[in-house]
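In the numbering used here, the protein residues as written are 17 to 126.
Glycine included, each C-beta is placed from N, C-alpha and C at the ideal position.
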Amino acid sequence: MAKKDNTGFFEKVYDAAREIPYGKVSTYGAIAAKIGSPKAARMVGWAMNGSHAAFPPVPAHRVVNRNGLLTGKNHFEYPEKMEELLEEEGIMVRNNKIIDFKEVLYVFND
DNA sequence: GCTATGACCAGCA
DNA sequence: GTGCTGGCCATAG
């Protein structure tokens, strides 16, 4: 808390995404649940759609779907950019999917 | 104010 | 086990 009123839902998503530490990933549902809307997972994805305009930058490459699949890789500068970033952080990616997903999955603390 | 969309999730055939 | 449909919340037009 101790946070001023953000622009809205979007800023909350950005803030949650920035909470993800290096070498870790998270899911849309987890972020949505953290901000108080476990059903707004879709909105989370859409929020990330404008994450490129957010500052500080949001590590959207650390945000994947429930299956650990790089669903939003298509929205990056180029599709393989997401995989590169993940592998750069020590996260193994195979066929657009994160290996040992549960091991690199970051859990938010309330 | 209503309709359409969105990088999802869960249930059902 | 795989594929698809519905629902869910919030923003933009």
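Asked: Hey, LYS55 and LEU86: beta-carbon distance below 8 angstroms or not?; Found: no
Asked: Drop a sphere of 10 angstroms on the beta-carbon of GLU99, count the other beta-carbons inside from all chains shown, and report buried for 16 or more, exposed for fewer.; Found: buried
Asked: Assign VAL120 to one of two classes, buried (16 or more other C-beta atoms within 10 Å of its C-beta) or exposed (fewer than that).; Found: buried
Asked: Buried or exposed, going by whether 16 or more other CB atoms sit within 10 Å of the CB of ILE36?; Found: buried
Asked: Does DSSP put LYS118 in a helix, in a strand, or in coil?; Found: helix
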